[in-house]
Amino acid sequence: MALRVFASQAATSLRVRCLPATDSLIVPFWRSFASAPENRKYLKSHEWVEVNGEVGTVGISDFAQNELGELVFVDMPDAGSQVTKGQTFGVVESVKAASDVYSPITGEVVETNAELSSNPALVNSAPFSDGWIMKVKIANPSELEDLLDEASYNKRCEASAH
8 MALRVFASQA
18 ATSLRVRCLP
28 ATDSLIVPFW
38 RSFASAPENR
48 KYLKSHEWVE
58 VNGEVGTVGI
68 SDFAQNELGE
78 LVFVDMPDAG
88 SQVTKGQTFG
98 VVESVKAASD
108 VYSPITGEVV
118 ETNAELSSNP
128 ALVNSAPFSD
138 GWIMKVKIAN
148 PSELEDLLDE
158 ASYNKRCEAS
168 AH
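Under the working numbering, think of the first position of the sequence shown as 8, with each following residue one higher.
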């Protein structure tokens, strides 16, 4: 019984879901994805934007990187180029697939994450922090209104994971 309590507490703190208890001493569990942070907005295609003033930092979610697997290359736009909401701006390549990445906002790219050129796995290890892809000067802030909030995005991911 103590082992089950410990496992349950550990799973909760690690954001791991457990299957219903069995008669076995081994309780199977899996980690589907980290909850999406509240301070971001999300596209249904798993890209996020975090807004700081007139600039939005863009990346892909933990759910997306988990589905792709270990990233080996991130194609990013050049600073000064324009991106359009809902349009592709780059590609992420993993050991098992390549996927287009879509911009959640329209605007001018003011910076890209140079670290990703030599270490694309940052997207895997820290998708909501060090693994950001680009920063965009937002052209139309009203575009943020029809993006998903974290609760809606998490619900969508949970439905996809089952």
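Think of the CB as a built atom: it goes at the ideal place given N, C-alpha and C, for glycine as much as any other residue.
Just so we're clear, the structure is a prediction, and the values are computed from it rather than from any experiment.
Inset, instruction - Given a cut-off of 9 Å, decide if Thr64 and Met141 are closer than it, judged by their beta-carbon atoms. - result: Your numbering for residue 141 matches position 134 in the sequence shown. Your numbering for residue 64 matches position 57 in the sequence shown. In this structure, Thr64 lies closer than 9 Å to Met141 by Cβ.
Legend entry - Given Pro44 as reference, the closest of Ile145, Asp153, Ala166 and Ser136 once Cα atoms are compared: Taking the first residue of the sequence shown as 1, we reach residue 44 at position 37. With distances taken between Cα atoms, Pro44 lies closest to Ser136.
Inset, instruction - Evaluate Gly60 with the Cβ neighbour count: other Cβ atoms within 10 Å of its Cβ, from every protein chain shown; 16 or more gives buried, anything less gives exposed. - result: Mapped onto the sequence shown, residue 60 falls at position 53. Exposed: under 16 other Cβ atoms inside 10 Å.
Inset, instruction - Give a yes or no on whether the C-beta atoms belonging to Ala128 and Leu50 are separated by under 9 Å. - result: One-based indexing of the sequence shown puts residue 128 at position 121. One-based indexing of the sequence shown puts residue 50 at position 43. No.
Inset, instruction - Report the three-state DSSP secondary structure of Pro35 (helix, strand or coil). - result: Numbered from 1 along the sequence shown, position 28 holds the residue referred to as residue 35. In this prediction, Pro35 has a pLDDT of 36, which is less than 50 and means its spatial position is unreliable; nothing more can be read from the coordinates.
Legend entry - For Leu75, the nearest candidate out of Glu157, Val102, Ser124 and Leu151 (CA to CA): As a working note, residue 75 is residue 68 in the sequence shown. Among Glu157, Val102, Ser124 and Leu151, the Cα nearest to that of Leu75 is on Val102.
Inset, instruction - Output the distance between the C-alpha atoms of Lys144 and Gln94, rounded to the nearest integer angstrom. - result: Position 137 of the sequence shown, counted from the start, is the residue given in the question as residue 144. Position 87 of the sequence shown, counted from the start, is the residue given in the question as residue 94. Whole-angstrom Cα-Cα distance: 16 Å.
Legend entry - Minimum C-alpha distance to Val99 - residue among Gln89, Gly87 and Trp139: Translated into positions along the sequence shown, residue 99 becomes position 92. Nearest option by C-alpha distance: Trp139.
Legend entry - Extent of the continuous beta strand (DSSP E) to which Ser125 belongs: Counting from 1 along the sequence shown, the entry for residue 125 is found at position 118. First-last for Ser125: Glu122 to Ser125, but that is the alpha helix (DSSP H), not the beta strand (DSSP E).
Inset, instruction - Whole angstroms is fine: what's the gap from Val108's alpha carbon to Cys164's? - result: Sequence index remark: in the sequence shown, residue 108 carries index 101 (1-based). Sequence index remark: in the sequence shown, residue 164 carries index 157 (1-based). Each residue's alpha carbon lies about 17 Å from the other.
Legend entry - Inter-residue spacing [alpha-carbon to alpha-carbon] between Glu115 and His53: By 1-based counting over the sequence shown, the position of residue 115 is 108. By 1-based counting over the sequence shown, the position of residue 53 is 46. Distance between the alpha carbons of Glu115 and His53 is about 21 Å.
Legend entry - Paired residues, beta bridge with Met141 - DSSP: Here residue 141 refers to the residue found at position 134 when the sequence shown is read from its first residue. Answer is Val65 and Thr119, bridged to Met141.
Inset, instruction - Check whether the Cβ atoms of Asn147 and Thr113 lie closer than 9 Å to each other. - result: Looking up residue 147 in the sequence shown gives position 140. Looking up residue 113 in the sequence shown gives position 106. Cβ distance < 9 Å, so Asn147 and Thr113 count as in contact.
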